[in-house]
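Trainee: Count along the sequence shown from 1, then add 309; that gives the number in the numbering used here.
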Amino acid sequence: MTPPNGHPATTPSAAPTRVRYSILALLCLLAMITYLDRAMYGSAKKDLMKSVGETETQFYLVLMAFQVAYAIFEIPTGWMGDTFGPRKTLLRIVLWWSVFVALTAFAGMTIPGTEIVPIGFFVLIGMQFLFGMGEAGAFPNISKSVYNWFPNNQRGFAQGAVWLSARFMGGMTPTIWVLLVTIGGFEWREALWLFAGAAVTWCVVFWFWFRNRPEEHPAVGREEADLINAGKAPPIGHGGVPWGTIFRSRNLWALCGMYMVTNFSWYFLMYNLPGTLTAQYPDRSATNDGKLLLALLSGAPLLVGMFGCLLGGALTDWYIRKTGDRKWGRRLFGMLGYGLAALFYLGAAGAKLYAPDNLWLFAGCLILMGFSNDLIMAPSWATAQDVGRKYAAIVSGTMNMVGNLGATLGLLTTGRILRAHTIGQEIQPTGFVICFVIYALVYGIGVLIWLLIDPTKPVVPDELLAESDHGTTGAND
């Protein structure tokens, strides 16, 4: 029998339901698809730029268009998730970006019977802006879903699992591309259509099973709902967001500065490394086996990074359970990750400068850098939930917005430096050395920024929450 609250009745001896883990599986799958549809540009850029008659050195402009749009629309889509719930918001996000991934496959093609090319280089830049506009808000709304579906002492684990999944697919994408396109015989356009189709399929399953909150899900038992909701503020309604209070929070802007550091220094791995290894070690790319090896090494920083995501989440939760100190439970592992990442970027710079032909040393330093960076992912997003609480998607969206402005600045800096150190078609080792030293210095700044972040101080104080709740109702589908 089902009681009036809609939750299945359970006996005192019955185990609580565990629906939250199936929700987490859906969110992890979304994180994987998100990174698949972004990371594939690191492998597709040669074919894509050739199709529109441009060189690969201009590709950073395409990437910047995505990142700018991704940054601009983070806060609006974060607000949508907080106001209307992540279910509708995530569905809109994924369907939107799938359309533009599919349309990108038509780049450089002429209209049959004419010489007209609807999607040339500048149209491609515009489409990437729209693609970024579509993907914006995915991770803030995933973060909001984690906040809604997991108790305080499991959020670090859940965020770690999400980022583990994202990094796994980001790391596997170069290999998937080689197996599908280079070896498997798929056209690069067909691969894009396949990836867009996978995202649409996810939408169907998601809409059927996902709900905004556990109390809305018919399969969630009372014990699980109570476990998840213990100590949480009531859901936000369709208004009453204290924007001024949120944006005056020093904690918020420290969090944003920290995440700007991450994205400035990390995106080299996803967008530049696949092409870098192929160009810098041409003897390895002469055979299919060599191409597969380079693809695996290109993705290895993200693949190993997924264990950093999981370990960072486990460590931050363990420290908080052990000591009760949430402030240092988040700070400590963020600072550790940034410090190690800086050291390994300096190691990669040294490898490129003093042993430019040593593929394994160069790749090994970048793999360890990826692992170190990802130690901070779970503490970062868990902190956004800690300080955002019922405004978690807005805070996460703001953090990710500024972070992606950092990514845009990083892509611009990297693109300009590498172009300035290119002779003919070959990038000189000094170009990479300069980039890596800059990345390391930025990570050093990030260590100091973590000292300014206090996860125990919400962006909206408790006394103001009741005022913002007055006259509002929860978001439902």
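We put the CB at the ideal spot given by N, CA and C, even for glycine.
In this structure, how does DSSP classify threonine 596 when only helix, strand and coil are distinguished?
Mentor: Looking at threonine 596 - three-state DSSP - the assignment turns out to be coil, as it is neither helix nor strand.
Trainee: Just checking arginine 498 against the ligand NAD - is the residue's beta carbon closer than 6 Å to any of the ligand's heavy atoms?
Mentor: This structure does not include the ligand NAD; it has no bound ligands of any sort.
Trainee: Looking at C-alpha atoms only, which residue of Arg630, Thr765, Ile332 and Gly753 is the closest neighbour of histidine 526?
Mentor: Minimum Cα distance to histidine 526 is reached at Ile332.
Trainee: Can you give me the Cβ contacts of leucine 602 inside the same chain, cut-off strictly under 8 Å, excluding the 5 residues immediately before and after it?
Mentor: Closer than 8 Å at Cβ, skipping near neighbours: Arg593.
Trainee: Taking 7 Å as the threshold (C-beta atoms), are glycine 614 and threonine 484 in contact?
Mentor: No, the pair does not count as a contact, with Cβ atoms beyond the cut-off.
Trainee: By a C-beta neighbour count over all protein chains shown, 10 Å radius and 16 as the cutoff for buried, is asparagine 682 buried or exposed?
Mentor: Its Cβ being crowded by 16 or more others within 10 Å, asparagine 682 is buried.
Trainee: Just to confirm the assignment, what range does the alpha helix (DSSP H) spanning leucine 760 have?
Mentor: Element bounds for leucine 760: n/a, residue is neither H nor E.
Trainee: Helix, strand or coil: how does DSSP classify glutamate 365 here?
Mentor: Helix, per DSSP.
Trainee: Measure the CB-CB distance between glutamate 363 and phenylalanine 440 and report whether it falls below 7 Å.
Mentor: No. Outside cutoff.
Trainee: Which of the three DSSP states is assigned to isoleucine 537 in this structure?
Mentor: If DSSP states are grouped into helix, strand and coil, isoleucine 537 belongs with the helices.
Trainee: Distance check for isoleucine 537 and proline 460, CA to CA, integer angstroms please.
Mentor: Roughly 4 Å between the two C-alpha positions.
Trainee: Comparing alpha-carbon positions, which option in Val768, Leu641, Ile685 and Met349 lies nearest leucine 489?
Mentor: Here the closest residue by C-alpha is Met349.
Trainee: Taking Cβ positions, are serine 352 and proline 583 nearer each other than 7 Å?
Mentor: Yes.
Trainee: What does DSSP give as the partner residue(s) for threonine 722 in the beta ladder?
Mentor: Per DSSP, none; premise fails for threonine 722.
Trainee: Go through its chain and collect everything with a Cβ distance to tryptophan 516's Cβ below 7 Å, but skip five positions before and after it.
Mentor: For tryptophan 516, where only same-chain residues beyond five positions count, the Cβ hits under 7 Å are Leu400.
Trainee: Taking leucine 357 as the reference, give the member of Phe415, Asp771 and Ala445 with the closest Cα.
Mentor: Cα-wise, what sits closest to leucine 357 is Phe415.
Trainee: Would you decide whether tryptophan 690 is buried or exposed? Buried here means 16 or more other CB atoms lie within 10 Å of its CB.
Mentor: Classification of tryptophan 690: buried, given that the 10 Å Cβ count is 16 or more.
Trainee: Between which two residues does the alpha helix (DSSP H) carrying threonine 491 extend?
Mentor: Here threonine 491 belongs to no alpha helix (DSSP H), and DSSP marks it neither H nor E.
Trainee: Please report the straight-line C-alpha distance between methionine 686 and isoleucine 420, rounded to a whole angstrom.
Mentor: Roughly 45 Å between the two C-alpha positions.
Trainee: Which residues in the same chain have their Cβ closer than 6 Å to the Cβ of alanine 672, if we skip the five residues on either side of it in sequence?
Mentor: Closer than 6 Å at Cβ, skipping near neighbours: Leu606.
Trainee: Around the C-beta of aspartate 346, are 16 or more other C-beta atoms found within 10 angstroms, so that it is buried, or is it exposed?
Mentor: Result: buried.
Trainee: Please classify glycine 480: is it buried, with 16 or more other beta-carbons within 10 angstroms of its beta-carbon, or exposed?
Mentor: By the 10 Å Cβ count, glycine 480 comes out buried.
Trainee: Mark isoleucine 703 as exposed unless 16 or more other C-beta atoms lie within 10 angstroms of its C-beta, in which case mark it buried.
Mentor: Isoleucine 703 comes out buried.
Trainee: Between the Cα of leucine 612 and those of Leu675, Gly656 and Lys631, spot the shortest distance and give me the residue it belongs to.
Mentor: Taking only the C-alpha atoms, the option nearest leucine 612 is Leu675.
Trainee: Cutting at 6 Å between CB atoms, please list the residues of its own chain near alanine 500, excluding the five before and the five after it.
Mentor: Excluding positions up to five away in sequence, the list reads Leu489 and Val490.
Trainee: Taking only three categories from DSSP, how would you classify threonine 731?
Mentor: Three-state DSSP puts threonine 731 in a strand.
Trainee: What does a CB cutoff of less than 8 Å around valine 550 pick up in its chain, not counting 5 residues either side in sequence?
Mentor: If we look at valine 550 and ignore the five residues flanking it on each side, its Cβ neighbours are Trp388, Asp391, Thr392, Tyr700, Ile703 and Ser777.
Trainee: Within 10 angstroms of the Cβ of leucine 720, are there 16 or more other Cβ atoms? Answer buried if so, exposed if not.
Mentor: Under this definition leucine 720 is a buried residue.
Trainee: Examine the Cβ distances between the segment 557 to 574 and the segment 707 to 727 and report whether three or more of them are shorter than 8 Å.
Mentor: They touch, by the three-pair rule.
Trainee: Taking the C-alpha atoms as reference points, what is the distance between histidine 547 and methionine 710?
Mentor: At histidine 547 the pLDDT is 47, less than 50, meaning the model places this residue with poor confidence; the figure from the coordinates comes in the next sentence. Whole-angstrom Cα-Cα distance: 22 Å.
Trainee: Can you give me the C-alpha to C-alpha distance between methionine 436 and isoleucine 384, rounded to a whole angstrom?
Mentor: Those two C-alpha atoms are separated by around 21 Å.
Trainee: For valine 432, which of Val361, Ala475, Ala411 and Leu404 has the nearest alpha-carbon?
Mentor: Closest option to valine 432, Cα to Cα, is Val361.
Trainee: Under three-state DSSP, which class holds isoleucine 428?
Mentor: Of the three classes helix, strand and coil, the one that applies to isoleucine 428 here is coil, per DSSP.
Trainee: If you run the structure through DSSP and keep just helix, strand and coil, what is isoleucine 736?
Mentor: Reduced to three states, the DSSP call for isoleucine 736 is strand.
Trainee: Terminal residues of the continuous alpha helix (DSSP H) containing serine 407?
Mentor: Residues 395 to 413.
Trainee: Determine contact between the segment 503 to 514 and the segment 723 to 734, defined as no fewer than three beta-carbon pairs at a distance below 8 Å.
Mentor: The segment 503 to 514 is not in contact with the segment 723 to 734.
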